[in-house]
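Numbering (the working numbering), first residue to last: 341 to 690.
In structure tokens form, the structure reads like this:
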């Protein structure tokens with residue numbers, strides 16, 4: 341992908357943040373002043389996360405009854421193609437084309453600026469604003485965990501919006517720039533991967549690194565749907581910052597024929613479910629860690645009142661002697677999660 345092509349596209353004014361994105365990548369490419377973010381191919385990093393990639397591919401390919409011939413017919417496909425043909429602007433693609441791919445979208449949010457998240461760079465880059473994103477209901481995650489990780493997993497100060505976003509969509513109209521969409525997708529999913537790592541690291545002595553992906557992002561442009569996954573790169577030294585890699589999983593030309601549409605839409609809907617599964621499992625583990633921390637911090641006389649295996653959230657007991665909820669000190673959070681001034685290496689696809 342060419343930095344020059346993206347810069348030229350941004351000058352058309354087709355997207356409000358395109359110019360800043362182009363300037364951002366030019367800056368970090370020349371001066372190395374931003375987090376290490378890599379868009380890469382698997383062959384360049386053979387140990388990337390092959391087991392995780394295989395798991396994602398298998399999940400995306402599972403059949404879905406909602407897209408079987410008895411549910412999604414040739415006439416349905418014709419309506420999809422007609423909607424795509426008539427969608428001359430990004431807003432029309434988002435309003436009339438993407439919903440057909442989505443099917444039942446679940447808890448989806450659109451055009452929400454991620455103003456509550458810590459900046460990924462020096463603060464000069466506009467806040468991410470994905471066209472669509474999926475996350476967890478706030479009440480799923482214990483409020484003290486949300487508070488501790490607020491600026492990494494809670495995108496907005498509006499408290500009813502989904503948290504821990506890990507599935508994103510970036511859309512462009514026929515005259516839009518694919519390179520800009522891809523960079524916006526990279527920006528979105530990097531924030532998602534960072535937030536997920538923070539949650540997985542919650543309650544641990546060291547940051548969590550396992551070379552697995554927990555966040556997906558999708559681009560749609562000119563009838564083509566592309567799927568990407570992102571994971572965190574462990575730094576080479578303890579002093580170095582974390583990096584982030586976005587890898588393309590697959591792509592589909594949805595407008596080409598009915599079977600390809602079924603494959604692509606199936607992958608998208610399965611990916612949405614896969615992302616939810618990752619959230620649910622990580623949230624359950626974080627809630628358990630919080631319960632364990634809270635129980636451990638109780639006076640022995642209080643803890644003994646609780647049957648083995650019970651947690652403060654599920655059973656009632658005498659709380660008169662329970663101390664205030666244990667919280668991470670801000671200094672500890674900063675030491676564990678703050679990204680120092682890092683290095684970005686933009687790798688072109690070959």
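Backbone N, C-alpha and C define an ideal beta-carbon position, used for all residues, glycine too.
| Item | Value |
| --- | --- |
| Our contact map puts residue 433 next to residue 560 with C-beta atoms below 8 Å; I'd like the distance itself, whole angstroms only. | 7 Å |
| Classify residue 502: buried if its beta carbon has 16 or more other beta carbons within 10 angstroms, exposed otherwise. | buried |
| Comparing C-alpha positions only, which one of 402, 413, 562 sits nearest to residue 610? | 402 |
| Hey, how far is the Cα of residue 457 from the Cα of residue 409? | 43 Å |
| For the structure I just gave you, are there three or more beta carbon pairs, one from the region 550-569 and one from the region 513-525, closer than 8 Å? | yes |
| For residue 606, tell me which candidate among 390, 422, 444 has the shortest Cα-Cα distance. | 444 |
| Answer yes if the region 612-623 comes into contact with the region 409-420, meaning at least three C-beta pairs across the two stretches below 8 Å, and no otherwise. | no |
| In or out: residue 519 buried (at least 16 other Cβ within 10 Å) or exposed? | buried |
| Suppose you measure from the CA of residue 468 to the CA of residue 571; what does that come to, to the nearest Å? | 18 Å |
| Taking the runs of the beta strand (DSSP E) that are 3 residues or longer, which of them lie wholly in the region 500-552? | 503-512 |
| Less than 8 Å between the beta carbons of residue 542 and residue 494, yes or no? | no |
| Return the chain-ordered list of same chain residues with a C-beta closer than 7 Å to the C-beta of residue 470, the five sequence neighbours on each side being excluded. | 508, 509, 510, 528 |
| Heavy atom of the ligand FMN less than 7 Å from the Cβ of residue 611, yes or no? | Annotation note on the ligand FMN: not contained in the displayed structure, which lists no ligands. |
| Considering only the beta carbon of each residue, do residue 455 and residue 496 sit closer than 8 Å? | yes |
| Please tell me whether residue 591 and residue 569 are closer than 8 Å, where the distance is taken between their beta carbons. | no |
| Alpha carbon to alpha carbon, how far is residue 441 from residue 476? | 21 Å |
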